[in-house]
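Student: Supplied in structure tokens, the structure appears directly below.
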Amino acid sequence: MNEQGALYLLKFGELTLKGGNRETFVRVLMGNLAAMLRGTGASITRTEGRLYVNCSVEKQAVCEDVFSRLAGISGWARARGSEKTVEALMGAAVDEARVCYDGGAHSFKVEARRTDKSFPLNSYQICCMAGDRIAGAIPGFKVDVHSPEATVNIEVRERAYIYGAERRGLRGLPVGVSGRGMLLLSGGIDSPVAGYLMALRGMRIFAVYFHAYPYTPDEARQKVVRLAEIVGLYGMGVKLSVVSFTKVEQRIKERAPPEWSTVLLRMAMMDCASTLAVGKRCKCLITGESLGQVASQTIENMTCAESRARLPVLRPLIGLDKESIIRQAVKIGTYETSILPYQDCCTIFSPPHPVIHAPLHEAAALYDSLDLPSLLRTAGGFQMQG
Ligand code: ATP
Ligand code: MG
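In my numbering, the protein residues as written are 426 to 811.
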């Protein structure tokens, strides 16, 4: 392994639990990492239970940003490599401890793991000796095995690695191990978070936005394009299709009572998204709905919408309140874009007194009377991009 530059250690999270699938998951994870690091010149090495990344000092910040966006790792740390001799190991442990101490920690403990059983000290002996050496070398840095402010980790594997502060990874599963999902992406706060959560469950996200130009301005579309890009930062890229729904919305307005327009529009979206999803080999639809959040998100209205879906509909936010969804949106960086003031079609078309507990048989009859299939069948023709 190249000794120049920076060395990082990455830990798989849930992957260790997955028995027979593990090999596939690690392969996908490595492929994703390699793709995200493309152009940085960084190299990736895999050993039992760990990935190591070597990069130049100039590319450190770029690589750290990648680790913070990589689904499937439980944690990562800047590490130092060491020769597998007791002296080299102890010297590196003291160096690492000094970094922790200089960073403001007052107490520490040492944790050691040894997979190479030929190393002359066992884990316990490594801990004791390193603890003594560190305490001796840095007066004022106290051992505290119960609640230390810093942990010096020592791993003796095919070679030895020492690291202090470990950063938390995104966890979840590597993107791609759970198949494809079609996200109904509006310009709002919720659906980008829904897409992110499913990406973290290993799903490769495709997205569709139903655009009603000129009722909704082009800025609304640009906003969704940007949201898809941000979700794509975690999801190995998100392919967005923009479908013109202007004619569909006009048809609903012409033929149905205004209080039904939102329910019918949702049914049409599910219908159209299903066609698109099947074409892209997606196995499910994903929405940003949360039970009771707005009038259209009652169980009855969702039932009506879902009745026109031809794939399972996943709603990862269904039990979350707005506050926690917003917190997630802020964390992943979609919030600022989501709250830009351009309205999506649904806001413009939403009637003053929408049906809140739509009976399915009525919804079905009204939907069928709209005679949408011919309009939706040509939805491919409406597809503006993606
Ligand atoms: P969001 O914040 O995601 O817009 P919302 O709380 O505004 O959600 P609704 O407007 O009722 O809720 O939309 C419910 C869900 O329907 C959205 O989360 C999204 O998945 C989907 N959806 C709504 N409008 C569109 C659209 N124009 N294009 C694609 N999907 C849409
Ligand atoms: Mg919305």
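Glycine included, C-beta positions come from ideal geometry on N, C-alpha and C.
Under DSSP, the alpha helix (DSSP H) around Tyr526 begins and ends at which residues?
Tutor: Here the alpha helix (DSSP H) through Tyr526 covers Val511 to Asp527.
Student: Three or more C-beta pairs under 8 Å: does that hold for the region 585-602 against the region 452-459?
Tutor: Yes, since at least three Cβ pairs between the region 585-602 and the region 452-459 fall closer than 8 Å, the two stretches touch.
Student: What residue range is occupied by the uninterrupted beta strand (DSSP E) comprising Val581?
Tutor: Start and end: Ala575 to Val581.
Student: Within 10 angstroms of its Cβ, does Gly715 collect 16 or more other Cβ (buried), or is it exposed?
Tutor: Per the sequence shown, residue 715 should be read as Ser rather than Gly. By the neighbour-count rule (16 or more Cβ atoms within 10 Å), Ser715 is buried.
Student: Tell me whether Gly565 is buried or exposed, calling it buried when 16 or more other Cβ atoms sit within 10 Å of its Cβ.
Tutor: Exposed, by the Cβ-count rule.
Student: What's the call for Asn547, buried or exposed, on a 16-neighbour Cβ count within 10 Å?
Tutor: Exposed.
Student: Is Leu801 helix, strand or coil by DSSP?
Tutor: Helix.
Student: Is it true that the CB of Lys705 sits closer than 8 Å to the CB of Arg605?
Tutor: For Arg605 and Lys705, yes; Cβs fall inside 8 Å.
Student: Excluding the 5 residues preceding and the 5 following Lys708 in the sequence, name in chain order all residues of the same chain whose CB lies nearer than 7 Å to its CB.
Tutor: Contacts found: Gly604, Arg605, Gly606 and Leu736.
Student: Our contact map puts Val633 next to Val668 with C-beta atoms below 8 Å; I'd like the distance itself, whole angstroms only.
Tutor: About 6 Å; that satisfies the 8 Å criterion.
Student: In chain order, what residues of the same chain have a beta carbon less than 8 Å from the beta carbon of Ile764, not counting five sequence neighbours either side?
Tutor: Excluding sequence neighbours, Ile764 sits near Ile614.
Student: Rounded to the nearest angstrom, what separates Arg505 and Asn446 at their Cα positions?
Tutor: Taking the straight line from one Cα to the other gives about 31 Å.
Student: Just mark Ala575 as buried or exposed, buried being the case when its beta carbon has 16 or more other beta carbons within 10 Å.
Tutor: Buried is the call here.
Student: Could you say if the region 518-525 and the region 466-481 meet the contact criterion of at least three C-beta pairs nearer than 8 Å?
Tutor: No, because fewer than three Cβ pairs between the region 518-525 and the region 466-481 fall closer than 8 Å, the two stretches do not touch.
Student: Would you mind giving the Cβ-Cβ distance between Leu609 and Leu689, rounded to the nearest angstrom? I have them listed as a contact below 8 Å.
Tutor: With 8 Å as the limit, Leu609 and Leu689 do not qualify as a contact, their Cβ atoms being about 15 Å apart.
Student: With a CB to CB cut of under 7 Å and the five nearest residues on each side skipped, what residues in its chain are close to Gly758?
Tutor: Cβ neighbours of Gly758 beyond the five flanking positions: Ile655.
Student: For the beta strand (DSSP E) containing Thr472, list its first residue and its last residue.
Tutor: It spans Ser468 to Thr472 - the beta strand (DSSP E) in which Thr472 sits, taken as one unbroken run.
Student: Are the CB atoms of Lys534 and Asp569 within a distance shorter than 8 Å?
Tutor: Going by C-beta atoms, Asp569 is nearer than 8 Å to Lys534.
Student: Would you call the CB atoms of Arg539 and Val511 closer than 8 Å?
Tutor: No. Outside cutoff.
Student: Taking its Cβ as the centre, do 16 or more other Cβ atoms sit within 10 Å of Lys648, making it buried, or is it exposed?
Tutor: Buried, since its Cβ has 16 or more Cβ neighbours within 10 Å.
Student: Are the region 679-693 and the region 744-757 touching by the rule of at least three beta carbon pairs closer than 8 Å?
Tutor: No: fewer than three Cβ pairs fall under 8 Å.
Student: So what's Lys880 in DSSP terms, helix, strand or just coil?
Tutor: One cannot answer for residue 880 here, as it falls past the ends of the chain, which runs 426 to 811.
Student: How far does the beta strand (DSSP E) with Met607 in it extend, from its first residue to its last?
Tutor: Note, Met607: beta strand (DSSP E), Arg605 to Leu609.
Student: Cα separation between Ser799 and Thr465?
Tutor: Approximately 49 Å, taken between the alpha carbons.
Student: Less than 6 Å between C-beta atoms, sequence neighbours within five positions excluded: which residues of the same chain meet that for Asn427?
Tutor: With a pLDDT of 43 at Asn427, under the threshold of 50, the predicted position of this residue should be treated as unreliable, though the coordinate-derived value follows. If we look at Asn427 and ignore the five residues flanking it on each side, its Cβ neighbours are Asn479.
Student: Answer yes or no: the CB of Arg723 versus the heavy atoms of the ligand ATP, is any distance below 7 Å?
Tutor: Reading the sequence as shown, one finds Thr at residue 723 and not Arg. For the ligand ATP, not one heavy atom lies less than 7 Å from the Cβ of Thr723.
Student: Residues in its own chain within less than 7 Å of Gly806 by CB, not counting five upstream and five downstream?
Tutor: With a pLDDT of only 48 at Gly806, under the threshold of 50, the placement of this residue in the model should not be trusted; the figure read from the coordinates follows. Hits under 7 Å: none found.
Student: For Leu609, verify whether its CB is less than 7 Å away from any heavy atom of the ligand ATP.
Tutor: Yes; taking the cut-off as 7 Å, the Cβ of Leu609 has a heavy atom of the ligand ATP nearer than that.
Student: Between the C-alpha atoms of Arg452 and Asn578, what's the straight-line distance to the nearest angstrom?
Tutor: About 26 Å.
Student: Report the residue from Arg592, Phe631 and Met692 whose alpha carbon sits nearest the alpha carbon of Arg733.
Tutor: Nearest of Arg592, Phe631 and Met692 to Arg733, Cα basis: Met692.
Student: Residues bridged to Gly506 by DSSP?
Tutor: DSSP output for Gly506 lists Tyr586 as bridge partner(s).
Student: Near Pro683, what residues of its chain come up, given a Cβ to Cβ distance below 6 Å and the 5 sequence neighbours on each side ignored?
Tutor: The answer, listed in chain order, is Pro776.
Student: Helix, strand or coil, according to DSSP, for Leu432 in the structure here?
Tutor: The answer is strand: DSSP assigns Leu432 an E or B state.
Student: Does the distance between the C-beta of Val633 and the nearest non-hydrogen atom of the ligand ATP fall short of 7 Å?
Tutor: It does: the Cβ of Val633 is within 7 Å (strictly closer) of some heavy atom of the ligand ATP.
Student: For Ala518 versus Ile587, is the C-beta spacing smaller than 8 Å?
Tutor: Cβ atoms of Ala518 and Ile587: closer than 8 Å.
Student: Consider the C-beta atom of Val673 and the heavy atoms of the ligand ATP; say whether any pair is separated by less than 7 Å.
Tutor: Incorrect: Val673 has no Cβ contact closer than 7 Å to the ligand ATP.
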